[in-house]
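**Q** Sharing a structure, written as structure tokens. Questions coming.
In this note's numbering, the protein residues as written are 2 to 910.
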């Protein structure tokens, strides 16, 4: 990476999409301020794998990996904003309104103000005192010798001296030198605390800067006995750590400061550790996608004949307006030049005919512009839907569904973009033609005419450049607000049950305030530019009319000159309206391209279509899976670590462990949810890259409660993704998934709609629908069952698991379950704890060791059921066919499972 070296004076804005995006957004903004653009879409994807979006440590690693000389440090709070500390620019941890850690970028300081780029609110200037009150203060243990070494460094000494000088202590250098003569930490720590306490008293109005403050500071550091130091503990940045001898408890701000671009590793320092995969790093620093160039490329797929004819028509229509104004001016002389009624009627007919011709020109122009807009919209939608299957599932799990929906919905803005550009062209041509006409009518005032034309054209042009960023901020906040609204509607019932309306309003208020501030600033800029344009235009108009009347005796053209001159403010106002609409439309394209990336030109069609070989429907071979030292990171934690695994084709493997151990993450690697931060995964001997994930998905049957059920008929839900299924009959799948009772209860049978999210069927019934859908899939070589029978009674879970293993007997099967007892017949069992495979082997071998974790889990499962179903303190109720009946508790047996009635559900309470 060879980035430009120019640092911007104003840091670019990057608004986060969700609460977990502050790290990637701050990092992108920091790089943009240093002169290098990062791909935000790829950066967010990286932050879900090896980069921890909530850890400043990994942000530091990525910054160094991509060329910045960055360093994670911890400084006393008031050192951060002192120029001598050289802490800016930096990414620093603050506290959000809800009290959660939040990343912001501190860019530069000007007097008592500091430039902040907050991913949640945008760029703004804030007072230093206000900023310091929101910084997160972290306390950690540090070696006393290490802190003393830092206190004697050049930067720290200069910072101490600057703080003393700000108080009014003229002997600042001597005070610091005297404190540093003490080889221990106490003297310099006392001076630091006294300086901070004096500053607090100045802010409170108790003392004034200068001699009084210096005297107070001297009195506080005069005591030598640390037990009698009159400085409150709150003002000390370090105190002795009572738990560890020789260490100090240090309190300060945590930040990642940037010194510039890294040319080479510093002396005695290793090169920064590579934390990004090479393909991700290349895509991350790839050239950014330009919305304008992308739209031009899409438009270039069609012939340019139609746009050329439209441009010619717009030129004729524009200059026709000048002709019409001249003809209207000639109407005043009709009585003098045309004497007879026939002549006057002919003149009026010619005038009406010319007006009709120009009006008819507008019809094909409008139709052509609408057609161009529709084709752009269709191509963008096509590119979006082609991109969706290629994107990793983790990307969608980390992005607001409402934000994605708003981006796609806003594609319709493409219909209005060509008319906007056409209007801008027409107005610009009209300004040019009126300028030429005024120079012809008032040649001695040509300078004023050119100035008037320049103001009319340049002010809207400058305005639309400056409105891009505020408009993007408004759209980002609107996307977050729509996400809040969607979540509130989805969770409306729980909100009412728990009485959370007030909390909900407070959370919404924060988003509304951010959106309203962004909207207000955008409107302020627009009105300010429009007001300045109007003042300048009308001032020049008055000057032009005065100059014309004072310098010519052609009074016959005065009305025409006034009419043309007054057209400039009107045209300028219309151009200002376009300058607000154009950034809005282009930002919508930009937000869509953040998702789909660059739209490549369509590849040339091959002479003969090449199709990948697909296993036949009756193929009964499973896939082989090999994992070597795989590590998965996400959300600030290592989810899986040092996972090595070898699964033979056709092997049935059960995955057990406590909740949160990493079981679903393990199978999610095969589905493409996550990329391993380290290690390698091979399927059938091939590295599992994105292309291999797509091939594997086509031969995978997956059952999980998270799989969506659609607001479609039951038959459509069963055949979803199985249109070409021919390896298993529909009746066989319904029978194997025990769905016949569901089918009988549905009013319209297979044509019954399941409702939004499958809301018209119970949780257990929905799981059986998902299982039947998977059983209908043909060409399956891998079956992944992740808690596949949640919501069903124990006997039915056992039967469905046995039926699934019978159906997929010869293919590779992975089953994640908490029913440990049902895993005893599997070929192998994996016990996962704390992200690692604790045990791996056949169930009988694991049970042979009574102290094995698998044996402990099995005993705990049986003991819990014995206590729950066989305990005398419990009353047992059966819910069957809509009736609730109490039954006596079953007697404890070796496998204490009560026999339920057909279709019944037991409730213990």
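Just so it is clear, CB atoms sit at the ideal spot from N, CA and C, and this is done for glycine as well.
1) Exposed or buried, what is residue 613 when buried is set at 16 or more other beta-carbons lying within 10 Å of its beta-carbon?
2) Report yes if the C-beta distance between residue 70 and residue 237 is below 8 Å; otherwise report no.
3) Please list, in chain order, all residues of the same chain as residue 15 whose beta carbon is under 8 Å from its beta carbon, the five residues on each side excluded.
4) Candidates 568, 159 and 185: which alpha carbon is nearest residue 175's?
5) What residues match up with residue 634 in a beta bridge as DSSP calls it?
6) Which residues mark the beginning and the end of the alpha helix (DSSP H) in which residue 471 is found?
7) DSSP three-state label for residue 596, please.
8) Between which two residues does the alpha helix (DSSP H) carrying residue 65 extend?
9) Check the DSSP bridge columns for residue 92 and list the partner residues they point to.
10) For residue 547, count the other beta carbons within 10 Å of its own beta carbon; 16 or more makes it buried, fewer makes it exposed. Which is it?
11) Can you check which of these residues, 357, 459 and 823, is closest to residue 844 by C-alpha distance?
12) By the DSSP assignment, the alpha helix (DSSP H) with residue 552 in it spans what residues?
13) Evaluate contact between the region 803-814 and the region 830-846, counting only Cβ atoms and requiring at least three cross-stretch pairs below 8 Å.
14) In whole angstroms, what is the alpha-carbon distance linking residue 11 and residue 210?
15) For residue 225, count neighbouring Cβ atoms within 10 angstroms of its own Cβ and tell me buried if that reaches 16, exposed if not.
16) Use the C-beta contact count for residue 105: other C-beta atoms within 10 angstroms, 16 or more gives buried, fewer gives exposed.
17) Compute the distance between the beta-carbons of residue 151 and residue 145, then report whether it is under 8 Å.
18) Nearest by alpha-carbon distance to residue 764: which of 319, 708 and 810 is it?
19) Anyone know if the C-beta pair for residue 256 and residue 76 falls short of 8 Å?
20) Assuming residue 464 and residue 538 make a contact with CB atoms under 8 Å, what is their CB distance in whole Å?
21) In the structure shown, what three-state DSSP assignment does residue 11 receive?
22) With DSSP as the reference, label residue 252 as helix, strand or coil.
23) So residue 415 and residue 374 are in contact, right, with Cβ under 8 Å, and what is the actual spacing, rounded?
24) Whose C-alpha, out of 94, 768 and 532, is nearest the C-alpha of residue 135?
25) Could you have a look at residue 827 and say whether DSSP puts it in helix, strand or coil?
26) Taking C-alpha atoms, which residue in 562, 487, 356 and 578 lies nearest to residue 457?
27) What's the C-alpha gap between residue 13 and residue 553?
28) When DSSP builds the beta bridges, which residues end up paired with residue 574?
29) Measuring straight from C-alpha to C-alpha, what distance separates residue 788 and residue 483?
30) Report back the beta-carbon spacing between residue 149 and residue 186 to the nearest angstrom; my notes put them in contact at under 8 Å.
31) Using only CA atoms, which one of 663, 74 and 649 lies nearest to residue 643?
32) Over the uninterrupted alpha helix (DSSP H) stretch that includes residue 971, give me the two end residues.
33) Going by DSSP in three states, residue 76 sits in which element: helix, strand or coil?
34) Give me the Cα-Cα distance between residue 111 and residue 179, rounded to the nearest whole angstrom.
35) DSSP three-state call for residue 822: helix, strand or coil?
36) Run through the region 768-810 for me and flag every whole alpha helix (DSSP H) of 4 or more residues, listed as ranges in chain order.
**A** Here's the rundown:
1) The predicted position of residue 613 is uncertain, since its pLDDT is 45 and thus under 50; a value taken from the coordinates is nonetheless stated next. Result: exposed.
2) no
3) 26, 27, 29, 30, 33, 41, 118 and 120
4) 159
5) 639
6) 447-491
7) helix
8) 57-66
9) 106 and 257
10) exposed
11) 823
12) 502-552
13) no
14) 33 Å
15) Low per-residue confidence applies at residue 225: pLDDT is 47, beneath 50, and the placement is therefore not dependable, though the value from the model is reported in the following sentence. By the neighbour-count rule (16 or more Cβ atoms within 10 Å), residue 225 is not buried but exposed.
16) buried
17) no
18) 708
19) yes
20) Contact doesn't hold; Cβ gap of about 14 Å is too wide.
21) coil
22) strand
23) 6 Å
24) 94
25) coil
26) 578
27) 52 Å
28) Beta-bridge pairing links residue 574 to no other residue.
29) 32 Å
30) 5 Å
31) 663
32) Only positions 2 to 910 of the chain appear in this structure, which leaves residue 971 out of reach.
33) strand
34) 32 Å
35) helix
36) 795-808
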